[in-house]
Ligand code: TXA
Ligand code: MG
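In UniProt numbering, the protein residues as written are 30 to 396.
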């Protein structure tokens, strides 16, 4: 990416891309852009007012640190270099801690966020790190994301581009629904590939830790040199690199307006009796692996019940890709309750990332 020359025709898409990049660099109103995980709401990570613009648009509490997005390793190294006069010759050559070499090689660009020490005299605005001595860095693989970061030529702080507490946006339309009137630019890259956020890892702790499950699984991480013993969450808080478990995890999140009833994979399947007895008029169902289509059929007796059925299918990648979109679609139908069929998860796998989001979205968790 470093030596790219832009020789595009000045069609509408290119003009918009350039305007969005200019706005990202110069204005305090954030710009929404696609990534392979979810849509991000980006701002120049080096300017406090721009970063505050993100919190304002999202109405998000500001004690939650943001991930910084880079278009190239060179851009990340340049940011880390202020510490170079204090470090070894090896670090001088590459200021990225060696533990990250294998995972960067394997997963970047892609859905992995690494925790790095924030250098002394860091150019990052303090609002990005929310007072921590570390920051999260990621290189997305979506081309529009890489282009807009490269054109703006600044590290881009970006949380998901939803209103705070809402499901993360996996299409430009979702961003528009949440943030219309609050932002000037939404780059439309179509639906997101992965559908859940990046995996956040801390390689500075021993053993390395997964702070947030996401698009890269623990199994995939374990195949990388130095990451064979990676654990979910810190093994021993005292051993950690001095930061709390990803602080964002404590907030209610990912919730549609309707109440979500999440059935764990081993719970008994629901029947339509409950919503009927409670005289609900419409419900949504998100099915995955086992629930019978019979469950969604409207029987002839009983009070009328409108049922909206979404079948995501059994495949975990498909479920991750379609989940947030399904919740939003059912919200549009203004259903009273959404019944969701959970899937079996093991610590650190992509199913765990899905269930992590669903458990936060759920009002009731049926086990
Ligand atoms: O896929 C993604 O990562 C999306 C797209 C837009 O790139 N971004 C995203 O960012 O999910 P955000 O800001 O919503 O999530 C940041 C997560 C939170 O759980 C936060 O607590 C954690 O990363 N985090 C950020 N900096 C951290 C740090 N220095 N130490 C520990 N956790 C950190
Ligand atoms: Mg988010």
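Even for Gly, the Cβ is constructed at its ideal location relative to N, Cα and C.
Q: Give the range of the alpha helix (DSSP H) segment to which residue 158 is assigned.
A: 155–158
Q. Got a sec, what are the start and stop residues for the alpha helix (DSSP H) residue 351 sits in?
A. 345–361
**Q.** Those residues, in chain order, that have a beta-carbon closer than 6 Å to some heavy atom of the ligand MG
**A.** 188, 189, 197
Q: With DSSP collapsed to three states, give me the class of residue 71.
A: strand
Q. From what residue to what residue does the beta strand (DSSP E) around residue 96 run?
A. 96–98
Q. Which of helix, strand or coil does DSSP assign to residue 394?
A. strand
Q) Given residue 72, which residues of its chain have a CB within under 6 Å of its CB, disregarding the five upstream and five downstream residues? A) 59, 79, 80, 82, 83, 186
Q. Hey, residue 364 and residue 320: beta-carbon distance below 8 Å or not?
A. no
Q.
Please classify residue 174 as buried or exposed, where buried requires at least 16 other C-beta atoms within 10 Å of its C-beta.
A. buried
Q.
Check for me: the alpha helix (DSSP H) holding residue 206 runs from which residue to which?
A. 201–208
Q. Identify the residues that DSSP records as bridge partners of residue 143: which are they?
A. 166, 230
Q) Taking the beta strand (DSSP E) that residue 339 falls in, what are its first and last residues? A) 335–340
**Q.** Counted within 10 angstroms of its Cβ, other Cβ atoms place residue 374 as buried (16 or more) or exposed
**A.** buried
Q) How long is the line joining the alpha carbons of residue 125 and residue 184, rounded to whole angstroms? A) 16 Å
Q) Helix, strand or coil for residue 40 per DSSP? A) coil
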